[in-house]
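Below: the structure, in structure tokens.
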Amino acid sequence: MGRFPPLLWLLLLGLLLLPTAAGRVLLDLAGGLLIALLALPVVLGGLGWIGWKVLQSRVRTCEACGLSTMTTDAQCPACGSMLPSKKSGHSSAEAVDDSRPASDVTIDIKAEDVDP
Ligand SMILES: [Zn+2]
12 MGRFPPLLWL
22 LLLGLLLLPT
32 AAGRVLLDLA
42 GGLLIALLAL
52 PVVLGGLGWI
62 GWKVLQSRVR
72 TCEACGLSTM
82 TTDAQCPACG
92 SMLPSKKSGH
102 SSAEAVDDSR
112 PASDVTIDIK
122 AEDVDP
């Protein structure tokens, strides 16, 4: 009792090997499950990466004390100094000099015809 009869195994094997509609359905089901199992870590990883990037873009680092915070206030909650604005980036490496007008830093591009 409790053992799977060998006849049922043979029946299942025959169902998979013989080109019947039931065998096709079982194979398609197994293939779909396999693809889902393989794709699940990729999808979850992608969602996690996007969530991490969104979280990272909201975090601002205080230049005075180095505190990383997600506050929307203009001042650091720890030391009270001014936090860098969101458009200037969250790290000092991405800090942009906002004092210069945009027209000064615009790059002019000229189109030229190049003969081969
Ligand atoms: Zn601070």
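According to this note's numbering, the sequence shown is numbered sequentially starting from 12.
Glycine included, C-beta positions come from ideal geometry on N, C-alpha and C.
If you count every other CB in all the chains shown that lies within 10 Å of the CB of residue i, and 16 or more means buried, which is it?
i: Leu21; result: exposed
i: Cys76; result: exposed
i: Cys90; result: exposed
i: Glu105; result: With a pLDDT of only 47 at Glu105, under 50, the local geometry of the prediction cannot be trusted, and no value is derived from it.
i: Gly62; result: exposed
i: Phe15; result: exposed
Kindly examine ligand 1 and report whether one of its heavy atoms sits closer than 7 angstroms to the Cβ of residue i.
i: Ala85; result: no
i: Ser92; result: yes
i: Leu44; result: no
i: Leu78; result: yes
i: Ala75; result: yes
i: Ala41; result: no
i: Ala89; result: yes
Mind checking whether residue i and residue j have CB atoms under 8 angstroms apart?
i: Arg71; j: Leu94; result: yes
i: Leu37; j: Leu27; result: yes
In the DSSP assignment, the alpha helix (DSSP H) including residue i goes from what residue to what residue?
i: Lys64; result: Ala32 to Arg69
i: Leu19; result: Pro17 to Leu28
At a threshold of 7 angstroms, does residue i count as lining ligand 2 (C-beta to nearest heavy atom)?
i: Ala122; result: No copy of ligand 2 appears in this structure; the ligands present are ligand 1.
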